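Take any residue in the sequence shown, note its place counting from 1, add 182, and you have its number in this note's numbering. Even for Gly, the Cβ is constructed at its ideal location relative to N, Cα and C. Just so it is clear, the structure is predicted and the values come from calculations on it, not from any experiment. The structure appears below as structure tokens.
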Amino acid sequence: MAKGNCSLPGGNFPLSSEFFQVIKNELWIFIIPAAVALIQVALFLEQMGFFLRNVTSAHRTCLYLWILGVYPVYCVTSIIGMYIPRSSTVCNFVASIYHSITLWKFLALITDFFGGKTRMLEKLEGEKVAPNPIPCCCCCCLPNISVNRWLRAYESAVSFHFSNYFVGFLSEGTATLAGAGFSEEKENVKWDLRVSRPLNVEFPRSMVEVVTSWNLPMSQWLHSYVFKNALSLGTFSAIIVTYTASALLHGLSFHLAAVLLSLGFITYVEHVLRKQLAAIFSACILSKRCLPGCSHQHKTNLWVRAVNVLFGVLAVFHLTYLGSLFDVDTEDSTEEQGYGMSHTIHKWSELSWASHWVTFGCWVFYRLIS
183 MAKGNCSLPG GNFPLSSEFF QVIKNELWIF IIPAAVALIQ VALFLEQMGF
233 FLRNVTSAHR TCLYLWILGV YPVYCVTSII GMYIPRSSTV CNFVASIYHS
283 ITLWKFLALI TDFFGGKTRM LEKLEGEKVA PNPIPCCCCC CLPNISVNRW
333 LRAYESAVSF HFSNYFVGFL SEGTATLAGA GFSEEKENVK WDLRVSRPLN
383 VEFPRSMVEV VTSWNLPMSQ WLHSYVFKNA LSLGTFSAII VTYTASALLH
433 GLSFHLAAVL LSLGFITYVE HVLRKQLAAI FSACILSKRC LPGCSHQHKT
483 NLWVRAVNVL FGVLAVFHLT YLGSLFDVDT EDSTEEQGYG MSHTIHKWSE
533 LSWASHWVTF GCWVFYRLIS
């Protein structure tokens, strides 16, 4: 066993038969982890019976079992990956996906103890929250944050963002495993499939960058087949037609249509305003990054960077406002059917229609300097 080599020349994973041929003299050592895995599964089944008998809430029972299931899932996938070496990558992928879902279920369990996310935030409203989780635990100078409506809106928006990233990364992984996520250039195969760019959404340069980085394949399709064909109607009309088509593709839900059409107005006003400011000051402050060798005189000045950061903060403000509609503390049937008009009006009126007023103010400012 000490001289056995469980790998093949070239670094490939061995077959199971080759693996067992090497360990056959010390097979009992490898039976121990299998026995531990069986014990974990037995304990999980015993706990499952306990929760089914004693916990009256079916929803909370499901959350408990999801969280406790992480132990047998990790044990079983590890054993399969050890005995079948060529399946180790798939086993790690399955275990990582389950672990991600478990973290989400754990947060759902916390909110369930409060009676839902809305009640939890209502109970915490006005309380001071210390922003000192890892990796910010060393930042002792950060002030405590009070829970308010805007923080609740930002939390709802970020939750919705990360659910989109999860679906995007999952689609990237499954497409790559199926052999479809590559491009070929001069006999060089590149596995470069990208569905979303999270950093461009969470730390945006502009709202234009947000909408293009949210779903890259959908954005490219809409730009190629809708926006370009409607461009003869004018830039503003083409943008509205594009977002209307996107709303139809998303199922014609009122709150989605309201968000997408609002995005159309916001991105158009931001685009024309920054284009006008870039022409006046000859600076690289367009909604999209300038190409190398552009004609602007001011490219990397401190004030240019400050203006771009200011518009980035404004984009985060718009994202928080628009994302406040996607409240996860609702029934599944409500989410499937879509939020109604009353929900949309209620959520945005809580925030005083701030994003729409800011967009209108930016449009008035653009008209004044044009």
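- When DSSP reads this structure, Val-371 sits in a beta bridge with Glu-366.
- By the neighbour-count definition (other C-beta atoms within 10 Å, threshold 16), Met-389 is a buried residue.
- Collapsing the DSSP output to three states places Lys-481 in coil.
- One thing to note: Leu-468 has its Cβ within 7 Å of the Cβ of Ala-460.
- By the C-beta criterion, the region 326-342 is judged not to be in contact with the region 366-377, since fewer than 3 inter-stretch pairs fall below 8 Å.
- In terms of Cβ geometry, Cys-273 and Thr-293 do not form a close pair [threshold 7 Å].
- The DSSP-derived three-state label of Ile-467 is coil.
- Of the residues Thr-541, Ala-440 and Leu-398, the one whose Cα lies closest to the Cα of His-453 is Thr-541.
- For the alpha helix (DSSP H) assignment, the uninterrupted runs of no fewer than 4 residues enclosed by the region 250-314 are, from N- to C-terminal side, 252-265, 270-296 and 299-306.
- Annotation for Asn-382: the continuous alpha helix (DSSP H) segment containing it runs 380-384.
- As DSSP reads the structure, Ser-328 sits in a beta bridge with Lys-310.
- Residue state for Val-441 is assigned as helix, using DSSP reduced to three classes.
- When the beta-carbon positions are compared, Ser-428 and Leu-442 come within less than 7 Å of each other.
- Only buried fits Phe-493, as 16 or more other CB atoms lie within 10 angstroms of its CB.
- For His-343 and Arg-301, the gap between their C-alpha atoms comes out near 22 Å.
- When secondary structure is reduced to three states using DSSP, Gly-475 falls in the coil class, being assigned neither helix nor strand.
- Trp-535 carries a coil assignment under DSSP once its states are collapsed to helix, strand and coil.
- Boundaries cannot be given for Arg-387, as no alpha helix (DSSP H) includes it and DSSP labels it neither H nor E.
- By the Cβ rule, the region 489-509 counts as touching the region 532-548, because three or more pairs are nearer than 8 Å.
- Residue range 209-236 is occupied by the alpha helix (DSSP H) that includes Asn-236.
- In the three-state reduction of the DSSP assignment, Gly-355 falls in the helix class.
- With a beta-carbon spacing of about 18 Å, Ser-406 and Ser-378 fall beyond the 8 Å limit used to define contacts.
- Between Gly-350 and the set Ala-339, Glu-367 and Pro-399, the nearest pair of CA atoms involves Pro-399.
- The beta carbon of Val-218 sits closer than 8 Å to those of Cys-257, all from its chain and outside the five residues before and after it, given in chain order.
- Here DSSP, grouped into helix, strand and coil, assigns Val-408 to helix.
- Trp-403 and Glu-307 have their C-alpha atoms roughly 42 Å apart.
- Non-local C-beta neighbours of Lys-287 in its own chain, meaning closer than 7 Å and more than five positions away in sequence, comprise Leu-245, Trp-248 and Ile-249, ordered along the chain.
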